[in-house]
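Undergrad:
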Amino acid sequence: TGDTRYIYHGNDGTNMPWNDTSQLDMLKKEVREAVIQKIFDVARRTSIIRFDAAMTLTKRHFSRLWYPQPGKGGDIPSRAEYALTKQQFDELFPEEFWREVVDRINRDLPETLLLAEAFWLMEGYFVRTLGMHRVYNSAFMHMMMKEENDKYRDLITNTLEFEPEILKRYVNFMSNPDEETAIRQFGTDDKYFGVLTLMVTLPGLPMFAHGQIEGFTEKYGMEYQRAYYNEEPKTWLVERHEREIFPVTKKRYLFAEVDNFWFYDCLDEYGNINENVFAFTNAHEHEKALVLYNNKFERANGRINVATPKLVSNNNGDKTTKSITISEALSINHEDHFYYICSDSASQTEFLHKGADMLTSGFYVHLEGFQHRVLMGFEEIYDESGLCEELYRKLQGRGVPSIKDALDEIHLAPVHEAFENVFRTRDVAELIQNLITDISEDGDINKELKAVSNKFHLLTNEINKVIKKEELDLEITKEFRNTVAQVKKINTELVLNFSPATHQEFVSLNRSIVISEEANYKENFLIMLLFIVLSEINKLYNEKDIAQNVVNKTQLNTPVTEILRRLGRGEIGVHRELTLLIVLLDFHNLLFDDEEKSLRIFDIETKDDAAEFVAELKGSLVDKILNDENVQSFLLVNEHKEIVYFSKERFEELTDWLFTVALLKFLIGSSGTKKVVTKTGEILEETQKEEPDTADEQDDSAKKFITKLNEVSVYIKSCSEKSGYKLEKLKEILLNQ
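Just so we're aligned, residue -7 is where the sequence shown starts under this note's numbering, counting upward by one.
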């Protein structure tokens, strides 16, 4: 016909046309119906539909782009000649296209979620007027990235005053296929995680972009058939998501709605609003949360108290604006003695707040640059004893790993002070020195031993107040003194019968006794003394009516940690020694779990007999000891190429400690019970002593026990070497005896 026709690409008038599209003429009714039918076709296949650049099909912008009003030109070249007046346009395009789509989908396929990408400040229009279920909130990404915090705070506060329901329709995101990746816009540090925290805690719908959690930097989109960058997930970044973000995301029910959503101004000491601080509360049934974020590098301090105005419905159904205080939002009781514990998911810490203080001055905020907090829980406790008040003053707003543990520390402070006092004075240093060096006289040791024993008695009295044991066994102090005295007996035996100075073959034996001069005896003596104190305490309170191990119940790991730190131990060293003490406390009664097995050691004549003896103990050595979590931690158990290894040095050290403790127990038993033992280990007589054995009798029994115990120790270490320090192989060797 000679006519020339053009197919226009899709175009929003701001840049180059989208050359992978062709523009449909939505002015034609049959075209609009065809598009709606295609939407229905898609809706029957999937329950979520995203409409790309949906704002270009609103009447206002479709007219501006494709049928501009006369005299207004146009944003797209050549379209001015197709100008239509507003009346002409409305006659051809009478109803908003998206309104018709939403109404028909809601009627016929109500389970479908319609999500619109809409810019040009039309987000509210799409939700309020067009009824779109969700709409992209690009303002969130752009304003957070540019730190236009005052503008985004205005967007929230204005929406709350006009129509709060709009907030829950927003889809908040930090990247999408049309934008740069989240890592390029926000980095991977505190700002990224702060903005992400807002994204998952604001009302509405959070949207994670492809590769965002993994920290991918390559921009993606439908036009890419494959990734061009060879990127691997950043493990540390994924782990921080798992630690800080995922637990909060699992509580979306707490943050998604707007009925209990309240937004706050953070006022500095002069009453000025800090526009960089985002502070809001939300609630679901009995759960409550307070979210804080500072979207600026500068530190922020201030208080939040009264919420910004919000449009709410009253009992008559009429709507009016209302403000409440943060105390009302969190249901805070302002009477005396009421305190609240809340936890911060970001820092893994807990905070203590006083109800009465929140009434008068609101909630104090201290945030470093780009710091965020998500405070949840708000567990109410009544401070009858005054411990909360003491802790509240002590913390001064700081967080701790556990408020309840911190309260227990205050409650247990007298116990911890008494425990440290046992080890604090010069008496302990002199006692240790005498235990090591003076093997001939008991005069000097009795002085220091008496002083330490008295302090031990005071410790048991303080523990008794906590445990509330009605009667205290006074014999415990005597048993404590006897046990410490046997430590001296060990060194006496080594010097008299196993001196490496006269017999070179005894060097290895002496080193295997951890409190000998050949070992690191001074520090090991302190560890041994800690073990004796802790085990004697457990022995004292070993009744069924006490729910748990008294060492755990009184949190004695706290003073033990302080004592170890005074040795100059770093955190790794402190953890190592604490783990060792736990293992010794757990297993010192297991290695020789009855007297007969202890005496059975006298039967050992050869290495084969040592192997047979270990076979009798294999249940203890393998099933319980080697599978224990603390034992494996001490042994530095690790996996390499699917083989589990352990540390040679740590295994030998643990063996030495366990057998030294076994020797100590034997000597304690020997000092309290008279035993006549044959070469085959048969007990001919066992009676409670009235008079101590002669020195020769004791020496002979101890000497034999040390000799045989050493044979077992050497054999077990040889099994370790034979296993190639592979844990499963060692178990196999020990179990197959």
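All residues carry an ideal CB built from backbone N, CA and C; glycine is no exception.
Are there 16 or more other CB atoms within 10 angstroms of the CB of Ile97, so buried, or fewer, so exposed?
TA: Flag for Ile97 reads buried.
Undergrad: Nearest to Ser70 by alpha carbon, out of Tyr(-2), Asn308 and Glu171?
TA: Checking every option, the nearest Cα to that of Ser70 belongs to Tyr(-2).
Undergrad: Please classify His53: does DSSP put it in a helix, a strand, or coil?
TA: The answer is helix: DSSP assigns His53 an H, G or I state.
Undergrad: Our contact map puts Pro551 next to Glu412 with C-beta atoms below 8 Å; I'd like the distance itself, whole angstroms only.
TA: Right, their Cβ atoms sit about 5 Å apart.
Undergrad: For Tyr144 and Ile635, what's the separation of their Cα atoms in angstroms?
TA: Each residue's alpha carbon lies about 54 Å from the other.
Undergrad: Determine, using beta carbons only, whether Ile324 and Ile296 come nearer to each other than 9 Å.
TA: Result no, Cβ atoms of Ile324 and Ile296 do not sit closer than 9 Å.
Undergrad: Compare the C-alpha of Pro225 against each of Val487, Glu206, Ile395 and Glu210 and name the closest.
TA: Of the listed residues, the one whose Cα sits closest to Pro225 is Glu206.
Undergrad: Bridge partners for Asp336 per DSSP, in chain order?
TA: DSSP lists Thr341 and Leu367 as partners of Asp336.
Undergrad: Pull up the CB-CB distance for Phe255 and Thr149, whole angstroms please, since I reckon it's below 8 Å.
TA: Indeed, because the Cβ distance is near 6 Å, the residues count as touching under 8 Å.
Undergrad: Give me the Cβ distance between Phe816 and Phe272, rounded to the nearest whole Å; I'm assuming they're in contact under 8 Å.
TA: Past the boundaries of the shown model lies residue 816; the chain is included only from -7 to 729, so the question cannot be answered.
Undergrad: Have a look at the DSSP bridge pairing and note the partners of His276.
TA: Its beta-bridge partners are Glu279.
Undergrad: May I ask you to report which of helix, strand or coil DSSP gives Ser315?
TA: Residue state, collapsed to three classes: coil.
Undergrad: Among the candidates Ile519, Ala45 and Phe355, whose CA atom is the shortest distance from the CA of Val298?
TA: It is Phe355.
Undergrad: Please list, in chain order, all residues of the same chain as Leu76 whose beta carbon is under 6 Å from its beta carbon, the five residues on each side excluded.
TA: The answer, listed in chain order, is Tyr59.
Undergrad: So Pro169 and Gly213 are in contact, right, with Cβ under 8 Å, and what is the actual spacing, rounded?
TA: Right, their Cβ atoms sit about 4 Å apart.
Undergrad: Just grab the DSSP bridge partners of Pro198 for me.
TA: BP columns for Pro198 point to Asn164.
Undergrad: Closer than 8 Å to a non-hydrogen atom of the ligand COA - does that hold for the CB of Gly196?
TA: You won't find the ligand COA in this model; it holds no ligand whatsoever.
Undergrad: Below 9 Å between beta carbons: does that hold for Pro195 and Asn274?
TA: Taking 9 Å as the Cβ cut-off, Pro195 and Asn274 qualify as a contacting pair.
Undergrad: My output table needs one value for Lys667: the three-state DSSP class, helix, strand or coil.
TA: Unreliable positioning characterises Lys667 in this predicted model, as indicated by a pLDDT of 44, which lies under 50. The coordinate reading is nonetheless provided below. Lys667 falls in the strand class under three-state DSSP.
Undergrad: Determine the contact status of Lys242 and Met368, defining contact as a CB-CB distance below 9 Å.
TA: Cβ atoms of Lys242 and Met368: not closer than 9 Å.
Undergrad: Reducing DSSP to helix, strand and coil, say where Asn426 ends up.
TA: Correct three-state label for Asn426: helix.
Undergrad: Exposed or buried, which one is Trp228 when buried takes at least 16 other CB atoms within 10 Å?
TA: Classification of Trp228: exposed, given that the 10 Å Cβ count is below 16.
Undergrad: Enumerate in chain order the residues of its own chain whose CB-to-CB distance from Met136 is below 6 Å, with the five nearest sequence positions on each side excluded.
TA: Excluding residues within five positions, the ones whose Cβ falls inside 6 Å are Val187.
Undergrad: Return the first residue and the last residue of the beta strand (DSSP E) that Lys302 is part of.
TA: Segment Lys302 to Ser305, the beta strand (DSSP E) holding Lys302.
Undergrad: Applying the criterion that 16 or more other CB atoms from any shown protein chain within 10 Å of the CB defines a buried residue, is Tyr245 buried or exposed?
TA: Label assigned to Tyr245: exposed.
Undergrad: Determine the extent of the alpha helix (DSSP H) in which Arg503 is found, giving its start and end residues.
TA: Start and end: Val499 to Ser504.
Undergrad: Mark Val572 as exposed unless 16 or more other C-beta atoms lie within 10 angstroms of its C-beta, in which case mark it buried.
TA: Residue 572 is actually Leu in this sequence, not Val. Counting Cβ neighbours within 10 Å, Leu572 comes out buried, since at least 16 surround it.
Undergrad: What did DSSP end up calling Val250 once you bin it into helix, strand or coil?
TA: Reduced to three states, the DSSP call for Val250 is coil.
Undergrad: Applying the 10 Å Cβ sphere with the 16-neighbour rule, what's the burial state of His364?
TA: By the 10 Å Cβ count, His364 comes out buried.
Undergrad: Can you grab the Cα-Cα spacing for the pair Glu440 / Leu427, in whole Å?
TA: Each residue's Cα considered, the two are about 10 Å apart.
Undergrad: Just the Cα atoms here: how many angstroms apart are Asn286 and Lys160?
TA: One C-alpha to the other measures close to 22 Å.
Undergrad: Use the C-beta contact count for Val704: other C-beta atoms within 10 angstroms, 16 or more gives buried, fewer gives exposed.
TA: Per the 10 Å Cβ criterion, buried.
Undergrad: In this structure, how does DSSP classify Leu404 when only helix, strand and coil are distinguished?
TA: Coil, per DSSP.
Undergrad: Beta carbon of Asp375, beta carbon of Tyr331: below 9 Å?
TA: Contact flag set, yes.
Undergrad: So the candidates are Phe579, Asn293 and Leu518; which of them puts its Cα closest to the Cα of Asn264?
TA: Closest by alpha carbon: Asn293.
Undergrad: Figure out for me which residue from Ser445, Leu152, Leu259 and Glu320 has the closest Cα to the Cα of Lys311.
TA: Of Ser445, Leu152, Leu259 and Glu320, the residue nearest in Cα terms is Leu152.
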